[in-house]
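First the structure, in the form of structure tokens, and then the observations on it.
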Amino acid sequence: MALSDILNIAGSGMNAQVVRMNTTASNLANAGVVSTTEAGAFRARRPVFEAILSSISGGADQGGVRVTEIISDGSSPKRVFEPTNPASDEEGYVYASNVNEVAELIEMLDASRAYQNNVEVVTATRNLLSSTLEVLKTR
Amino acid sequence: MSILGKYESYLGFSQAALDIKARRVQVISENIINASTPNYRAKDINFEKILGDRLKQAELNDHASVNTKISSREVQASMFYRIPLSPSVDNNTVEIGVEQAKFGQATSDYQASLQFFEGKVSSLFKAIRGE
């Protein structure tokens, strides 16, 4: 039945957006982490979404969205001169994370917007379902 | 025709209408939840095409009664991709404002069909009670 499928579809969307919010929170929390080596520096992470095609759009499954993988941001970490830092190398440098705080905040806004859109879909669908059920109420 | 068959021909049209409208709500909600999926292309159901095909079919059959049920294959054949107003970097063609507007339209279309159905059901109740 199409209407109850929508609730599951919106659920998968909400789930995907929560994963996105989680990675954003983790990126922001680790923005200040420094490392002695370049390889050990924290890199911003991003989930990759993939659409699941439903049977009416030519797919086999119920439809929705899934997170296929979480990739690391490829940009190289900044090398900062901080000789007092206990993590600094023999030349006095540390490698800071490559997290871009502004980009993360935008990402967070976009994710919460998308989540709200899914909530709206659920609310509208729930109203449709309940008014459908009320058709046969004794009058 | 049995009594159940009569009900079916009386309510069958409403059933088909509700079904196609619920499917459209589903397709648009899929677009909304895939608003941040790379390479996803927004799609929609072209109800006009389904109706046109049905009318042509009815003409060929000399207006003999046609089956009102709409198959998934027919829905799939009528689907089209939306043409985006502006291109995006990740090839995603979902424009959330457009989809929200279409979603609102689709839900009120569903409610309109539901009201027609409700009218039919309540006149059926009246006929049964003999009011």
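Chains as they are written, first to last, in this note's numbering: chain A, 1 to 139; chain B, 1001 to 1131. The beta carbon of each residue, even a glycine, is placed where N, CA and C say it ideally should be. As the structure is a computational prediction, the values presented were derived from the model and not from experiment.
Cβ of residue i within 8 angstroms of any chain B Cβ
i, result
"GLU50(A)", "yes"
"VAL65(A)", "yes"
"VAL102(A)", "no"
"ALA44(A)", "no"
"ASN118(A)", "yes"
"ASP61(A)", "no"
"THR132(A)", "yes"
"GLY13(A)", "yes"
"VAL135(A)", "yes"
8 angstroms contact criterion, which residue i and residue j should meet: CB distance rounded
i, j, result
"VAL65(A)", "ILE52(A)", "6 angstroms"
"VAL1025(B)", "LYS1043(B)", "Contact doesn't hold; Cβ gap of about 13 angstroms is too wide."
"LEU1114(B)", "SER131(A)", "6 angstroms"
"ALA87(A)", "THR125(A)", "Contact doesn't hold; Cβ gap of about 51 angstroms is too wide."
"ALA114(A)", "SER1036(B)", "6 angstroms"
"PRO83(A)", "GLU38(A)", "Not a contact, Cβ separation roughly 18 angstroms."
"ILE1083(B)", "ASP1019(B)", "No, ILE1083(B) and ASP1019(B) are not in contact; Cβ-Cβ is about 27 angstroms, not under 8 angstroms."
Short CB-CB distance (under 8 angstroms) between residue i and chain A
i, result
"ARG1023(B)", "yes"
"SER1071(B)", "no"
"TYR1007(B)", "no"
"LEU1114(B)", "yes"
"PHE1117(B)", "yes"
"SER1029(B)", "yes"
"TYR1040(B)", "yes"
"GLN1111(B)", "yes"
"GLN1026(B)", "yes"
"GLN1015(B)", "no"
"THR1093(B)", "no"
Of the residues the options, the one placed nearest residue i, counting alpha carbons only
i, options, result
"ARG45(A)", "SER97(A), THR37(A) and ALA114(A)", "SER97(A)"
"ILE1032(B)", "VAL48(A), GLY11(A), ALA29(A) and ALA25(A)", "GLY11(A)"
"ASN27(A)", "GLU134(A), SER112(A), ASN118(A) and ASN100(A)", "ASN100(A)"
"VAL80(A)", "ILE71(A), TYR95(A) and GLU90(A)", "TYR95(A)"
"SER1086(B)", "SER1078(B), ILE1096(B), MET1079(B) and PHE1080(B)", "ILE1096(B)"
"PHE1103(B)", "PRO86(A), THR123(A), GLN17(A) and SER88(A)", "THR123(A)"
"ALA1016(B)", "SER1029(B), THR1037(B) and ARG1054(B)", "ARG1054(B)"
"GLN17(A)", "LEU129(A), GLY32(A), GLU134(A) and VAL119(A)", "VAL119(A)"
"GLY43(A)", "ILE71(A), SER112(A) and GLU107(A)", "Checking the sequence, you will find Arg at residue 43(A) rather than Gly. Nearest option by C-alpha distance: ILE71(A)."
"GLY140(A)", "ALA2(A), ASN30(A), VAL34(A) and ILE9(A)", "Because chain A spans 1 through 139 in this model, residue 140(A) falls outside it and cannot be assessed."
"ALA29(A)", "PRO47(A), MET14(A) and LEU105(A)", "LEU105(A)"
"GLN1076(B)", "PRO1038(B), ARG1023(B), LEU1004(B) and THR1093(B)", "ARG1023(B)"
"GLN1100(B)", "ASP1062(B), GLU1030(B) and PHE1125(B)", "GLU1030(B)"
"GLU107(A)", "ASP61(A), LEU129(A) and ARG20(A)", "ARG20(A)"
"GLY40(A)", "ASP89(A), GLU134(A) and LEU109(A)", "ASP89(A)"
"GLY13(A)", "SER112(A), SER75(A) and LEU129(A)", "SER112(A)"
Proximity below 8 angstroms, CB of residue i to CB of residue j
i, j, result
"THR24(A)", "GLU50(A)", "no"
"ASN1034(B)", "TYR1040(B)", "yes"
"ARG1121(B)", "LEU7(A)", "Per the sequence presented here, residue 1121(B) reads as Val, with Arg not at that position. No, these two residues do not count as a Cβ contact at 8 angstroms."
"LYS1021(B)", "TYR1110(B)", "yes"
"SER1009(B)", "PHE1116(B)", "no"
"GLY1130(B)", "THR1068(B)", "no"
"ILE9(A)", "GLY63(A)", "yes"
Buried/exposed call for residue i, threshold 16 Cβ in 10 Å
i, result
"LYS1056(B)", "exposed"
"VAL956(B)", "As displayed, chain B neither begins before 1001 nor continues past 1131, which places residue 956(B) out of reach and without an answer."
"VAL1094(B)", "buried"
"LEU1004(B)", "exposed"
"PRO47(A)", "buried"
"VAL102(A)", "exposed"
"GLU1118(B)", "buried"
"THR1107(B)", "buried"
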